[in-house]
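Q: So the sequence shown is numbered by UniProt numbering: it starts at 1 and just counts up by one.
All residues carry an ideal CB built from backbone N, CA and C; glycine is no exception.
For clarity, every value in this text was computed on a predicted model and none was experimentally measured.
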Amino acid sequence: MSPVESVPVAVLNCIDDYVELLYDDIPEKIKGSALILQLARNPDNLIELARNEALLSALSRVLREEWKRSIELSTNIVYTFFCFSTYNEFHPVIIQYKIGSLCMDVIDYELKRYDQWKEKVEGKKQVVTPDKSELPKSRIPEPKRRPKSGTWAVADVNMQKSRSLVSSYHEDLCSASDEFLSKSDEEQMKRKLKTLSKRQEQLLRVAFYMLLNIADNVKVEEKMHKKDIVGLLIGAMERHSNIDLLILIVSFLQKLSIFVENKTSMASRGIVEKLAPLLDSSNADLVNVTLKLLFNLTFDTKLRNKMIKLGLLPKFIQFTSDDKHINLAMKILYHLSMDDRVKLMFTQSDCVKLLTDMLLLNVNGESGNSSGGASGAGSAGTTDVLLALCINLAWCERAANQMAAEGRLRDLLARAFRHRNAMLMKLVRNLSHHTQNKGLFVEFVGDIAGAVTNSDASEDFIIECLGTLNNILNTNNNIDIYAVVERYNLIPRIMKILDPDIDRHHVSEMQPEAIERCVAENAADAELVVEGVVAAGALSADERAAAALLRAGAAQALVALLRLRQADDDHVLQTVFAFRQLLSHPRAADYLVSRTEAPAYLIDLMQDKNAEIRKMCDNCLDIISQMQNEWAVRIKVERFRCHNGQWLSVVETLGAEGGTGDAADDLPPYLSAEYLTTHRLTTSDSQTSLNDDSDSFSGEVSLDRVNSRNNLDDRADDFYGGTDTSSLVKSTEKDAFSKDVDILA
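Have a look at this one:
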């Protein structure tokens, strides 16, 4: 790339003379381009050179017409335009003369010519020179050459000799015959190929570098994509002998990989397979830029799978011990850990244990703060990524077991409570999901419950603590739930979370706009509210804790929240599960059915789009229908309508089109619940009841059922406090949080 040795020092005032040299033969053109390059390498001269249209026109014309004849000439001219490309102000100059497009054509031809040379030396079948890539001649007329001083014949002989020296390597390679190539000639050809390869790599480097600089313009980058810049870069990647060229190519690919079209083009050319060997390079800069490109590619699921198939996961894990590459390696591992199949592969070595120990050494305070400096394993960014990686891995049961083993769970909890680190607590919460780890949390129940009721902690930290507590509060873990509730005063805290901050006396009177506004005002607490609902369901597993929740008005709060957040499937599912837990206790079930609107909402949710919600509703309605109350009949009717909705809609349509009909046909298209409870259904043959056994569709009411119902009401009154029949009928009109109802006084 440097000027020829015989070229004197260039002077800006002599620029016109240098331009004149560009109209002579190859040796003079090389000399003139080298002198111009000297001037262009000085940033102070660029403005003056950019104003010289004759210079720029001559350079672009010579490059267009003569680049095949001399690599050195092409390199000098491209290097000159590269100097302009280092400043955004001169990019329009490069675009105006279409140097970028010309460089891509030059690169394409040089790559094909290199393949031809290589196959010649290796004795393969001769490849046709890619003449189809011949660039069109410039339409700019070439002026007559100026007269030479001295004897013309002598000068002409000297120029011919110089031209022969410049292009002798290429001519020898192209004219060599594979059939008569001796061993000594083969060695000589290989040396010539190596020399030409070095010269060509210089040209490729400055050309790619110039294209990289002008690619800051998105429109220019789109044009490069259309001319297959990705294919050219990947085609030049086999030059493993030139580390600087490789670093440039991979850096260019990294920039291009931001756009989906370029990423797709890379994937179709096997980019991951070509990058894999570069990770074994001893050059740290090349490895680092390769990791950057691989990180960009990990946003694509198929390319992530390709990396796993090629066995790159152990290499990425190995880079976590290198301070130069740990940050990128952690980011790549984080993306790979999103696949459940890959999570399990982390456990095949000591990687999970090492990552956990590394986390314990570096985490400090809130997420984003660490004990280290600006680089290495202790950097803030690296610690955050490491923590996120461990959170992902904690979803894998085997990885979670390795994280919690050998006293690591105690250390994680200690650091989480000491620094009130919400992200670290999220990791602990994920560990608590797995059955094998739940037993390890028993000794920490008090600490976690105390953190839930601590008003000084942040909301995010409380959410994670409450979620962890919900996972481990299970009767199977030999934990006295009611004792924990009483000791740490959890009921008031949960009720404070469940309270939607509206007057539940008038919820039914609120307009939809007011309800939506209320939901919007509480949107920031949505995740905390869901955890509160989950906590209500978890505590309801214990009968005494369930009774305490009902005394505090949790049932009415759950119904009110369900009305406000019925569009949130997660919230609805957790609320229905809490109802299911309450229904598992007879007295709590009677209270929920008789004093709240929960059954009506459960009936409405029978046809919900979410299959899990429908399944949970069916379980709840099965329990309610087995209870001796007025909801059993309605549940049967609504289930009939649900299962036969299509048929009923057809009947309604036909009934509307058929007119009034006979007096005997004045019945509605289907029997309502009121009709079923007041009329006796009989068959046309026997005129006997459809159900002799006090079925809910029968018009006769069994005395035993009435007595049983009264007995159940008496038990409920004893459990929750005395109340008359009218109060049960109008229970939905009462204040759920009224202190006037003396329950379990």
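1) Less than 8 Å between the CB atoms is what I'm expecting for E612 and L573, so what's the real figure, rounded?
2) Let me confirm a value: E261 is counted as buried when at least 16 other C-beta atoms fall within 10 Å, else exposed. Which label applies?
3) Assign V363 to one of three DSSP states: helix, strand, or coil.
4) Taking the CB atoms as reference points, tell me whether H91 and I229 lie closer together than 7 Å.
5) Quick check on V428: buried or exposed, where buried means 16 or more other Cβ atoms within 10 Å of its Cβ?
6) So what's Q607 in DSSP terms, helix, strand or just coil?
7) In or out: E459 buried (at least 16 other Cβ within 10 Å) or exposed?
8) Would you kindly report the start and end of the unbroken alpha helix (DSSP H) that includes T75?
9) Quick one: what does DSSP say V9 is sitting in, helix, strand or coil?
10) With a threshold of 16 other CB atoms inside 10 Å of the CB of F346, please say whether the residue is buried or exposed.
11) According to DSSP, is Y23 helix, strand or coil?
12) I'd like to check one pair, T356 with R410: are the Cβ atoms closer than 7 Å?
13) Going by beta carbon distance, what residues of the same chain come within less than 7 Å of I494, once the five residues before and after it are set aside?
14) Mind checking D16: buried by the 16 CB within 10 Å criterion, or exposed?
15) Output yes or no for whether 7 Å exceeds the beta carbon distance between L583 and C642.
16) Between the segment 30-41 and the segment 58-76, do at least 3 Cβ pairs fall closer than 8 Å?
17) Of the residues I623, K615 and L605, which one's Cα is nearest the Cα of P586?
18) Tell me the residue span of the alpha helix (DSSP H) that contains residue 759.
19) Report the three-state DSSP secondary structure of C620 (helix, strand or coil).
20) Taking F444 as the reference, give the member of H434, L412 and A457 with the closest Cα.
21) Considering just the uninterrupted stretch of the alpha helix (DSSP H) at H91, what are its terminal residues?
22) Measure the C-alpha to C-alpha separation of S432 and Y334 and round it to an integer number of angstroms.
23) DSSP state of K315, grouped into three classes?
24) Does R64 pass the burial test, meaning 16 or more other C-beta atoms within 10 Å, or should it be called exposed?
25) By the DSSP assignment, the alpha helix (DSSP H) with Y488 in it spans what residues?
26) Leaving out five residues on either side along the sequence, give the residues of the same chain with a beta carbon under 6 Å from the beta carbon of I99.
27) Under the three-state reduction of DSSP, which class applies to F461: helix, strand or coil?
28) Indicate whether M616 and V576 have their beta-carbon atoms separated by less than 7 Å.
29) Rounded to a whole number of angstroms, what is the C-alpha to C-alpha distance between L291 and E186?
30) Quick check on this structure: which residue in Q581, A589, I603 and Y482 has the alpha carbon closest to the alpha carbon of A548?
31) For M338, collect the residues of the same chain with a Cβ closer than 7 Å to its Cβ; drop the 5 residues on either side in sequence, then sort them by chain order.
32) Nearest-angstrom Cα distance between S241 and L424?
33) Find the nearest neighbour of D24 within the set T596, D608, A538 and L59, judged by alpha-carbon distance.
34) Around the C-beta of F299, are 16 or more other C-beta atoms found within 10 angstroms, so that it is buried, or is it exposed?
35) Using CA coordinates, which residue listed in K198, F417, A284 and M104 is at the minimum distance from V220?
36) I463: which of L528, C14 and E238 sits nearest, CA to CA?
A: With the given structure in hand:
1) 6 Å
2) The residue in question, E261, is exposed, as its Cβ has fewer than 16 Cβ neighbours within 10 Å.
3) strand
4) no
5) buried
6) helix
7) exposed
8) It spans I71 to S85 - the alpha helix (DSSP H) in which T75 sits, taken as one unbroken run.
9) coil
10) Burial check for F346: the Cβ neighbour count within 10 Å reaches 16 or more, so the residue is buried.
11) coil
12) At a Cβ-Cβ threshold of 7 Å, R410 and T356 do not count as neighbours.
13) Same-chain partners within the cutoff: G532, A535 and A536.
14) exposed
15) Not closer than 7 Å, so no.
16) yes
17) Among I623, K615 and L605, the Cα nearest to that of P586 is on I623.
18) With the chain represented from 1 up to 745, any question about residue 759 goes unanswered, as that position is not in the structure.
19) helix
20) Of the listed residues, the one whose Cα sits closest to F444 is L412.
21) Annotation: the continuous alpha helix (DSSP H) that includes H91 extends over H91 to Q96.
22) 21 Å
23) DSSP places K315 in helix when its eight states are reduced to three.
24) buried
25) Counting along the chain, Y488 falls outside any alpha helix (DSSP H), and DSSP gives it neither H nor E.
26) F81
27) helix
28) Cβ atoms of M616 and V576: closer than 7 Å.
29) 39 Å
30) A548 has its Cα closest to that of Y482, out of Q581, A589, I603 and Y482.
31) Excluding residues within five positions, the ones whose Cβ falls inside 7 Å are N392.
32) 46 Å
33) L59
34) exposed
35) M104
36) L528
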